[in-house]
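Asks: Attaching a single structure in C-alpha cells format; questions to follow.
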Amino acid sequence: MQPSAVAMGLAAAAARHPDAEAASDGARSMSFAELDALAGTLAREVRERVDAARATFVAVPVLVGRDLESIVALHALLRAGVPAAPIDARLPAPVIDDTLARLGSPPWAVVTRAEHEALVSDRGVVVVGGRDADPLPPQSMDPDALALVVFTSGSTGRPKGVLLSGGLLDEILEGPVLAGIGPGARCAVTSPLHWRAGINRAFVPSRGGALLVVPDDLADPVDVLALVDRAGVTHLPAVPAHLALGASRWPPGRTLETVRVVRPFGEPLHWEQVPVLRRVLAPDAVIVCSYGATEASAGLIELVVDAGTPLGQGPVPLGYPTRPDRLRLGFVGDGDEDGEVHEVVAIRTVAIGYLDDPALTRTRFGTDPDGTRWWRSGDLVWRDADGCLHHRGRMDDMVKIRGRLAEPAEPERVLRGLDGVADAAVVPHIDARGNARLVGHVELTSAATLSASGVRAALAAALPPHLVPGPVMVHERLPRTSTGKVDRARLRAARPAPWRDVPVRRPRDDLEASVTAACAEVLALDDLAPDDDLWELGLDSLAAVELLAALGDTGWGTLAPAALLEYTTPAAIAGVLRDRARDPRRQSEVVVVHAEGGRPPIVAVPGAGATAFSYYPLARALGPDQPVIVVEAHGLHTAGRPDRTIEAMAARVAAVAGGHADRHNSLVVVGHSSGGLVAYEAARLVRQRHPGAALGVVMLDTPYPGTSRTVSRAGASRPDTRRRIRRLASDPLAFV
Numbered sequence: 000m001q002p003s004a005v006a007m008g009l010a011a012a013a014a015r016h017p018d019a020e021a022a023s024d025g026a027r028s029m030s031f032a033e034l035d036a037l038a039g040t041l042a043r044e045v046r047e048r049v050d051a052a053r054a055t056f057v058a059v060p061v062l063v064g065r066d067l068e069s070i071v072a073l074h075a076l077l078r079a080g081v082p083a084a085p086i087d088a089r090l091p092a093p094v095i096d097d098t099l100a101r102l103g104s105p106p107w108a109v110v111t112r113a114e115h116e117a118l119v120s121d122r123g124v125v126v127v128g129g130r131d132a133d134p135l136p137p138q139s140m141d142p143d144a145l146a147l148v149v150f151t152s153g154s155t156g157r158p159k160g161v162l163l164s165g166g167l168l169d170e171i172l173e174g175p176v177l178a179g180i181g182p183g184a185r186c187a188v189t190s191p192l193h194w195r196a197g198i199n200r201a202f203v204p205s206r207g208g209a210l211l212v213v214p215d216d217l218a219d220p221v222d223v224l225a226l227v228d229r230a231g232v233t234h235l236p237a238v239p240a241h242l243a244l245g246a247s248r249w250p251p252g253r254t255l256e257t258v259r260v261v262r263p264f265g266e267p268l269h270w271e272q273v274p275v276l277r278r279v280l281a282p283d284a285v286i287v288c289s290y291g292a293t294e295a296s297a298g299l300i301e302l303v304v305d306a307g308t309p310l311g312q313g314p315v316p317l318g319y320p321t322r323p324d325r326l327r328l329g330f331v332g333d334g335d336e337d338g339e340v341h342e343v344v345a346i347r348t349v350a351i352g353y354l355d356d357p358a359l360t361r362t363r364f365g366t367d368p369d370g371t372r373w374w375r376s377g378d379l380v381w382r383d384a385d386g387c388l389h390h391r392g393r394m395d396d397m398v399k400i401r402g403r404l405a406e407p408a409e410p411e412r413v414l415r416g417l418d419g420v421a422d423a424a425v426v427p428h429i430d431a432r433g434n435a436r437l438v439g440h441v442e443l444t445s446a447a448t449l450s451a452s453g454v455r456a457a458l459a460a461a462l463p464p465h466l467v468p469g470p471v472m473v474h475e476r477l478p479r480t481s482t483g484k485v486d487r488a489r490l491r492a493a494r495p496a497p498w499r500d501v502p503v504r505r506p507r508d509d510l511e512a513s514v515t516a517a518c519a520e521v522l523a524l525d526d527l528a529p530d531d532d533l534w535e536l537g538l539d540s541l542a543a544v545e546l547l548a549a550l551g552d553t554g555w556g557t558l559a560p561a562a563l564l565e566y567t568t569p570a571a572i573a574g575v576l577r578d579r580a581r582d583p584r585r586q587s588e589v590v591v592v593h594a595e596g597g598r599p600p601i602v603a604v605p606g607a608g609a610t611a612f613s614y615y616p617l618a619r620a621l622g623p624d625q626p627v628i629v630v631e632a633h634g635l636h637t638a639g640r641p642d643r644t645i646e647a648m649a650a651r652v653a654a655v656a657g658g659h660a661d662r663h664n665s666l667v668v669v670g671h672s673s674g675g676l677v678a679y680e681a682a683r684l685v686r687q688r689h690p691g692a693a694l695g696v697v698m699l700d701t702p703y704p705g706t707s708r709t710v711s712r713a714g715a716s717r718p719d720t721r722r723r724i725r726r727l728a729s730d731p732l733a734f735v
C-alpha cells in the first residue's frame, strides 16, 4: 500500500512551487504551501478522530459548498487515508440527516464554514482551518478499498451513493479529463464539489502547478464567464445549456482569449449550440466532448470539435474510445436505421458498488471469469462507418407503447432541431391506468414563431407514429436540477397539458360535454377541450376501441371504428353522433383522412375483413396535406349485402376514384393484401373511363391469384420502405 496519488501530487507541487497560486475564487487565493498545510493539518485531526472512534461508520461526512475550504477538505480526507462522503451543505436538514443515517450515523462531521455547524448540531464537528498548522504526511491506503462516497444528483429519485476506490480516484490525475492541465494552466470548476465532475477538478492542484479557479456562484452564466475572463482560465468545463446561455448574452466582439479547451458535461452538447460557443472563443480553442460516469473512469469516449469541424444536426456524437482497454460494447439489438445498438460497459477501473443497495449493485456490476470487473452504464450507442459512437438514449428511458419499444432520444432530437426551440426534452409518462406515452416538453426562444400544430406536423413528418409525443407541452423555462441538467423527474411527474394554438372553449351542450369527458378518461388527460385532436394527444387503434366502448356507455349512440379517423375531435364525434340520432341507418363505407389536404387524393382499399384503421399509419406518415380515401367492404359495420366478387368491389372503388381522376387528372390507387387485386381492377376501370389521367397502382403484399407469392417487392428494408413512402407523399406517381 502507498499514499493516494492525489495526496502525493499536492505535496510534491507544494515543495516545487510553494508560493504559486493553487486555488482562487476571484476574491481571495491560496498558495500551494497554504493549501498543503491546511489539508495536512485537517488530515491530522481527522486521522486522530478516526483512530479514537469506537463506532464504525462508512465514511466521514464533509459538508461542502463553493469555497476554497471545500477544496482543502477533499484533499485532507484523501491525505488522511480515510473514506470521505461529500454532502451538499445547501440540502434541507431532513435530507442531510437521511444521508448521515445511510453512512452509518458518524459521530462527527467535517464542515467547511462555521455556519454549517448547525446542520449537524447533534454530533461533533471538525472545522476547516480550526487548528494551528501541524500537517500530517500523506498516509497509505489500499487502492482497492473505499476512498469516496459520491451521491448522485438525485434527479431520478433518492440519490445513489456510489462507492469509489482509491485506485479509481488516482486514475483521474493521468486520465483524459485532466490531460494538458499542468504548470501555467488555469482550470475552472463549474460543477458542485459533491458531484464527480467537481471532485475531478478539485484535484487539479495535484497535477503539478496548475491553478484551480472556483466561482462562488454559478447562477448567472455571464458572471461565470466574466470571472473566467478575469482569471485567465485556460480549461473551462461547463453544462452546455448554461454555457450557451452565457455566450448568447456575452458582449458582441468580446472573446475569451485565454480559454483553450472547453469540456461540456452533465448533458449532451448539440450542434446548434456549437456556433454560439465559438463566437466567444478564440479560433484555436477546441471543444472536447467527453463521456464518463460517476461509476467509472472519466473520459472513456471523447470527440474534439475545432473551428474546422463540419457542423451536424442534433446531439454531437460521443466520439471515439480513449482507452479501449477500459470499454466494452454490449450488444442490445438492431436499430431501425443505424444498425446494431450497444450498451456502454465500463471495465477494469470501476466503482465498488452502491451504498445500501445490494440489488442494484448485482444488476449493474459484475466480474468476468478472468477477474475483470465491469459496470453496465445503461447508455445505448451505435457506431457509424468511421467508428464514431453516437448516443441512442438510455435503456431505462425506453418504454413500451402498445407493445413497441420507444426511445425518447429520437423525438427529442427532432424537437431540438426546430427553429425557435431553445431546449427540449421527451420523457415517458405512465398514466393512472398504467398506459405509457411519450410527452414532449419544449422551451422556446424569445423570437420563436412556432405553433403547436406546426410542431406536431414536423414530428409526424419525421417520426414513426409510436415515437410522436402526444401531447407536447410548452414551458417558459424547463426545470433543472442543481447541477444544471434538465430535471426529467419533475417533467415525468407533471400532468400532461396540451399546447394549443386556439383558446379553450367550453362544450356547447350535454352531448359534447359527455363525449369530451369520455375521451379525457380514455386518454387519461385532465385538460382536454372539445376541439383537441385526439390522435395528436395519444389516441391509437387500441385506445380507439376503448373510446368506442366508452361512447357506447354514455347512451348517446355508437360509431364504427373507422369514423374516428374522419372525426378526430370530441366536438366532431359529438356532431356525427347528433346526426346519427336523426338517421340511425346512416353509415358511410368511405372514410376520408385529411380531407382538407391540398394534394391529389390517394384511394386505398383494405385487405379482406380489414377496416380503414389499417391505413392510418400510412396516412399519418404522408402528412396532413395528403388526403387518403379508404373504401371499406360492404356490410363490415352494419347489415348489408357483401361484395361477392373482386369486380363488384372494384366497381364501387372505381366510382369513388373516377371523380377524383377527372378533377385532378392524376390518381394513385393503393391496395393491401387481397385489396391489391381490387385496386388493380378498379384502376383498370378508371383508365377505361378516363384515358387521359395519369394513373398509378400500388399493391402491398398482394398475392398472385391461386399462389402464396406476393406482387410486392421482396426483401425491401424498413428504411427503404420509409423512403419510398416519403417519396410517394411528394410525388405519388414516382412510387409506381
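Going letter by letter, the sequence shown gives residues 0 to 735 in numbering that gives the first Met the number 0.
No residue lacks a Cβ here, since even glycine has one placed at the ideal position from N, Cα and C.
Along the beta strand (DSSP E) that carries His234, what are the first and last residues, could you check?
Replies: Looking at the DSSP string, the run of the beta strand (DSSP E) that includes His234 is 234–237.
Asks: If you scan the stretch 286–351 from start to end, which runs of the beta strand (DSSP E) of 3 or more residues do you find wholly inside it?
Replies: Complete beta strand (DSSP E) runs here, min 3: 300–304, 326–333, 339–346.
Asks: Opposite Cys186 in the DSSP bridges: which residues?
Replies: For Cys186, which the question treats as bridged, DSSP gives the partners Leu211, His234.
Asks: Take Pro410 as the anchor and find which of Ile429, Leu437, Met394 has the nearest alpha-carbon.
Replies: Cα-wise, what sits closest to Pro410 is Leu437.
Asks: So, are the CB atoms of Ala58 and Ala83 less than 8 angstroms apart?
Replies: Yes.
Asks: Relative to the C-alpha of Leu379, which candidate in Leu328, Pro357, Cys387, Thr360 has its C-alpha closest?
Replies: When only C-alpha atoms are compared, the closest one is Leu328.
Asks: Quick check: what's the CA-CA separation for Ala649 versus Val655?
Replies: Ala649 and Val655: Cα-Cα distance of roughly 10 angstroms.
Asks: What separation, rounded to the nearest whole angstrom, lies between the Cα atoms of Gly622 and Ala460?
Replies: Those two C-alpha atoms are separated by around 6 angstroms.
Asks: For Val591, which residues in the same chain have their Cβ closer than 7 angstroms to its Cβ, ignoring the five residues on either side in sequence?
Replies: Closer than 7 angstroms at the Cβ level, and outside the excluded window around Val591, lie Glu565, Pro626, Ile628.
Asks: Identify whether Phe364 lies in helix, strand or coil by the three-state DSSP scheme.
Replies: DSSP places Phe364 in strand when its eight states are reduced to three.
Asks: Let me check understanding here. Comparing Cα to Cα, which of Ala13, Leu666, Arg455, Ala297 lies closest to Leu172?
Replies: Checked all of Ala13, Leu666, Arg455, Ala297; the closest Cα to Leu172 is Ala297.
Asks: For Tyr566, does the three-state DSSP call read helix, strand or coil?
Replies: Coil.
Asks: Under three-state DSSP, which class holds Gly166?
Replies: Gly166: helix per DSSP, three-state reduction.
Asks: Per DSSP, which residues does Val140 bridge with? Please list them.
Replies: Strictly speaking, residue 140 in this sequence is Met, with Val absent from that position. Paired residue(s): Gln1.
Asks: Please classify Ile429 as buried or exposed, where buried requires at least 16 neighbouring CB atoms within 10 angstroms.
Replies: Exposed.
Asks: Would you be able to state if there are at least three C-beta pairs under 8 angstroms between the stretch 250–259 and the stretch 280–293?
Replies: Touching, yes, given that three or more Cβ pairs across the two stretches are closer than 8 angstroms.
Asks: Within 10 angstroms of its Cβ, does His390 collect 16 or more other Cβ (buried), or is it exposed?
Replies: The residue is buried, with at least 16 neighbouring Cβ atoms inside 10 Å.
Asks: Exposed or buried, Gly64, counting other C-beta atoms within 10 Å across all chains shown (16 or more means buried)?
Replies: Gly64 comes out buried.
Asks: For Leu808, which residues in the same chain have their Cβ closer than 6 angstroms to its Cβ, ignoring the five residues on either side in sequence?
Replies: No answer is possible for residue 808: the residues shown for the chain start at 0 and end at 735.
Asks: Considering just the uninterrupted stretch of the beta strand (DSSP E) at Pro85, what are its terminal residues?
Replies: Unbroken beta strand (DSSP E) run through Pro85: 83–87.
Asks: With C-beta atoms as the reference, is Met140 less than 8 angstroms away from Gly80?
Replies: The answer is yes: Cβ separation under 8 angstroms.
Asks: Residue ranges of each alpha helix (DSSP H) run of no fewer than 4 residues wholly in the stretch 74–131, ordered along the chain?
Replies: Listed in chain order, they are 92–101.
Asks: Spatial neighbours of Ala660 within its chain, please: CB distance less than 6 angstroms, with the 5 preceding and 5 following residues excluded, ordered by chain position.
Replies: Within the same chain, Ala660 has close Cβ partners Leu666, Val685, His689, Ala692.
Asks: Do the stretch 22–31 and the stretch 94–111 make contact, defined as three or more Cβ pairs closer than 8 angstroms?
Replies: Contact between the stretch 22–31 and the stretch 94–111 is absent, because fewer than three Cβ pairs lie under 8 angstroms.
Asks: Give a yes or no on whether the C-beta atoms belonging to Leu317 and Leu388 are separated by under 8 angstroms.
Replies: Yes; because the gap between Cβ atoms is below 8 angstroms, this pair is in contact.
Asks: To the nearest angstrom, how far is the alpha carbon of Val149 from that of Pro85?
Replies: Answer to the nearest angstrom: the Cα atoms are 7 angstroms apart.
Asks: Give every residue of the same chain whose Cβ lies closer than 6 angstroms to the Cβ of Gly153, excluding the five residues on either side of it in the sequence, and list them in chain order.
Replies: With a pLDDT of 45 at Gly153, under the threshold of 50, the predicted position of this residue should be treated as unreliable, and no value is reported.
Asks: How would you call Phe330, buried or exposed, if buried means at least 16 neighbouring beta carbons within 10 angstroms?
Replies: So Phe330 ends up on the exposed side.
Asks: By the three-class DSSP mapping on this structure, what secondary structure does Asp24 have?
Replies: Three-state result, Asp24: coil.
Asks: Of all the options Ala196, Asp383, Leu211, which has the alpha carbon lying nearest to the alpha carbon of Val203?
Replies: Closest by alpha carbon: Leu211.
Asks: Note the first and the last residue of the continuous beta strand (DSSP E) segment covering Glu442.
Replies: 435–443 is the span of the beta strand (DSSP E), which, as asked, contains Glu442.
Asks: Which residue's Cα is closest to the Cα of Thr371: Val425, Pro93, Phe264, Thr348?
Replies: Comparing Cα-Cα distances from Thr371 to each of Val425, Pro93, Phe264, Thr348, the minimum goes to Thr348.
Asks: Using only alpha-carbon positions, find the residue among Trp270, Ser247, Leu224 that is nearest to Arg412.
Replies: Per the Cα distances, Trp270.
Asks: Along the chain, where does the beta strand (DSSP E) that runs through Arg686 open and close?
Replies: Premise fails: Arg686 lies in the alpha helix (DSSP H), 673–688, not in any beta strand (DSSP E).
Asks: Using the three-state DSSP reduction, which class does Asp422 fall into: helix, strand or coil?
Replies: Strand.
Asks: Is His465 helix, strand or coil when you go by DSSP?
Replies: The answer is helix: DSSP assigns His465 an H, G or I state.
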